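Engineer: In case it helps, this note's numbering puts the sequence shown at residues 12 to 298. We put the CB at the ideal spot given by N, CA and C, even for glycine. This structure is a prediction, so every number in the text was calculated from the model and none was measured. Structure in structure tokens, see below.
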Amino acid sequence: MTETAQEDWPATAHTLSQALPFFQRYAGATVVIKLGGHAMGSDEAMRSFARDVVLMSHVGVNPVIVHGGGPMINAMLKAQGVESEFVGGKRVTDAATIEVVEMVLSGLVGKRIVQAIQAEGGTAVGISGKDARLMVCEQTDARLGFVGTPVEMNPAFLERLKDSKTIPVIAPIGMGRNGETFNVNGDTAAGAIAAALTADRLLLLTDVPGVKGADGEVISEITPEAIRELTDSGVIAGGMIPKTETALSAMEGGVRAAVILDGRVPHACLLELYTMGGAGTLIRGKR
């Protein structure tokens, strides 16, 4: 052991001691995490994320992972020679595309996350919204094909996984009432699942620092009312709008608070749950 490492021990012990109230606060809590962006971009980032999720599980949190996989879908569509059509900037998901989407999300991406979690000592299972009728959907827009919006949730299956200390890794694929397969936006799926579970926290991992105010600075904590005001005034715009809308919808469904989290920060989930500083923007009602 080097002298430098020995000098770090008191700081490490102090950090662990300071985390005790947060360990107690989140013991038994359900935390839904939308995984995407940088956290999925490399093997090391995936290992780090998986290690943090297993740690959370061991100190009493019930993590539920919902993942995306856009870049992998794009690569597979290209390899399969499937041409994509876009309407209003959104991909049309036809019959050929939905087959590739399901194969990539439920297969390649989901199993990679499961494998990473189990390599760190956790127990995980990969499922999709089609399993146990977890996420029943209706078509979002006929012009977009097999793109769905969740309208009916069955969280009982996830509750049974929680009782067995198994971490669900969920692909955002839903089923229709007539047996259709629907592609669901990952953030939307995470919000719907968090609401169905009445989760304590919804963590939306992104590749931005968080919600920014009119001065361009990241806002560490904000109310739903302030989110709506910033959106109406145009301060919140572009890709941040669907994320804040997902957060607000989840909170209206019973989620205690949502966080738009900078997934590029190492150990972002641990920082958010177990330190005073956090790593993004916390959205919750007035206390």
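Roughly how far, in whole angstroms, is the beta-carbon of residue 43 from the beta-carbon of residue 208, given that I think they are within contact range, below 8 Å?
Structural biologist: Residue 43 sits at position 32 when you count from the first residue of the sequence shown. Residue 208 sits at position 197 when you count from the first residue of the sequence shown. Yes, residue 43 and residue 208 are in contact; Cβ-Cβ is about 7 Å, under 8 Å.
Engineer: DSSP beta-bridge partners for residue 45?
Structural biologist: Within the sequence shown, numbered from 1, the residue matching residue 45 stands at position 34. The partner list for residue 45 (beta bridge, DSSP) reads 77, 215.
Engineer: Using C-beta distances below 6 Å, list every residue in its chain close to residue 121, excluding the 5 sequence neighbours before and after it, in chain order.
Structural biologist: On the sequence shown, residue 121 is found 110 positions in, with the first residue counted as 1. These residues qualify, in order along the chain: 137, 180, 182.
Engineer: Could you tell me whether the Cβ atoms of residue 273 and residue 219 are closer together than 8 Å?
Structural biologist: Position 262 of the sequence shown holds residue 273. Position 208 of the sequence shown holds residue 219. Cβ atoms of residue 273 and residue 219: closer than 8 Å.
Engineer: Indicate whether the contact test is met: 3 or more Cβ pairs, each with one atom in the region 23-37 and one in the region 194-201, closer than 8 Å.
Structural biologist: Counting Cβ pairs under 8 Å, fewer than three are found: no touch.
Engineer: Can we say the region 199-206 touches the region 148-162, given the rule of at least three CB pairs closer than 8 Å?
Structural biologist: Yes, since at least three Cβ pairs between the region 199-206 and the region 148-162 fall closer than 8 Å, the two stretches touch.
Engineer: Is it right to say residue 60 is buried, meaning 16 or more other beta carbons lie within 10 angstroms of its own, or is it exposed?
Structural biologist: Here residue 60 is taken as the residue at index 49 of the sequence shown, counted from 1. Looking at its Cβ environment, which holds 16 or more other Cβ atoms inside 10 Å, residue 60 is buried.
Engineer: Can you give me the start and stop residues for the beta strand (DSSP E) that residue 193 sits inside?
Structural biologist: Here the question's residue 193 lines up with position 182 in the sequence shown. Segment 192-194, the beta strand (DSSP E) holding residue 193.
Engineer: In angstroms, rounded to a whole number, what distance separates the CA positions of residue 94 and residue 101?
Structural biologist: Your numbering for residue 94 matches position 83 in the sequence shown. Your numbering for residue 101 matches position 90 in the sequence shown. Each residue's alpha carbon lies about 14 Å from the other.
Engineer: Is the region 40-56 touching the region 109-118, taking contact as three or more C-beta pairs under 8 Å?
Structural biologist: Taking 8 Å as the limit for Cβ pairs, the verdict is that the region 109-118 does not touch the region 40-56.
Engineer: How big is the Cα-Cα spacing for residue 6 and residue 233?
Structural biologist: Residue 6 lies beyond the range of the chain shown here (12 to 298); nothing can be said about it.
Engineer: Would you mind stating whether residue 192 and residue 157 have Cβ atoms separated by less than 8 Å?
Structural biologist: Locating residue 192 in the sequence shown gives position 181, counting from the first residue. Locating residue 157 in the sequence shown gives position 146, counting from the first residue. In contact: residue 192 and residue 157 (Cβ atoms closer than 8 Å).
Engineer: So is residue 211 buried or exposed if we call it buried at 16+ other beta carbons inside 10 Å?
Structural biologist: Looking up residue 211 in the sequence shown gives position 200. The residue is buried, with at least 16 neighbouring Cβ atoms inside 10 Å.
Engineer: Got a sec, what are the start and stop residues for the beta strand (DSSP E) residue 269 sits in?
Structural biologist: Residue mapping note: residue 269 aligns to position 258 of the sequence shown, counting from 1. Looking at the DSSP string, the run of the beta strand (DSSP E) that includes residue 269 is 268-273.
Engineer: Output the residue ranges of the beta strand (DSSP E) runs that lie fully inside the region 134-195 and measure 3 residues or longer, sorted by chain position.
Structural biologist: 135-139, 146-150, 159-164, 178-182, 184-187, 192-194, all fully within the region 134-195.
Engineer: Between the C-alpha atoms of residue 244 and residue 237, what's the straight-line distance to the nearest angstrom?
Structural biologist: Here residue 244 is taken as the residue at index 233 of the sequence shown, counted from 1. Here residue 237 is taken as the residue at index 226 of the sequence shown, counted from 1. Spanning the two alpha carbons is a distance of roughly 11 Å.
Engineer: Measure the Cβ-Cβ separation of residue 200 and residue 140 and say whether it is below 8 Å.
Structural biologist: Your numbering for residue 200 matches position 189 in the sequence shown. Your numbering for residue 140 matches position 129 in the sequence shown. Yes, the pair counts as a contact, with Cβ atoms nearer than the cut-off.
Engineer: Secondary structure at residue 291, three-state DSSP: helix, strand or coil?
Structural biologist: Sequence index remark: in the sequence shown, residue 291 carries index 280 (1-based). Reduced to three states, the DSSP call for residue 291 is strand.
Engineer: Can you list, in chain order, the residues of its chain with a C-beta nearer than 6 Å to that of residue 55? Leave out the 5 residues immediately preceding and following it.
Structural biologist: By one-based count along the sequence shown, residue 55 stands at place 44. Excluding sequence neighbours, residue 55 sits near nothing in its chain.
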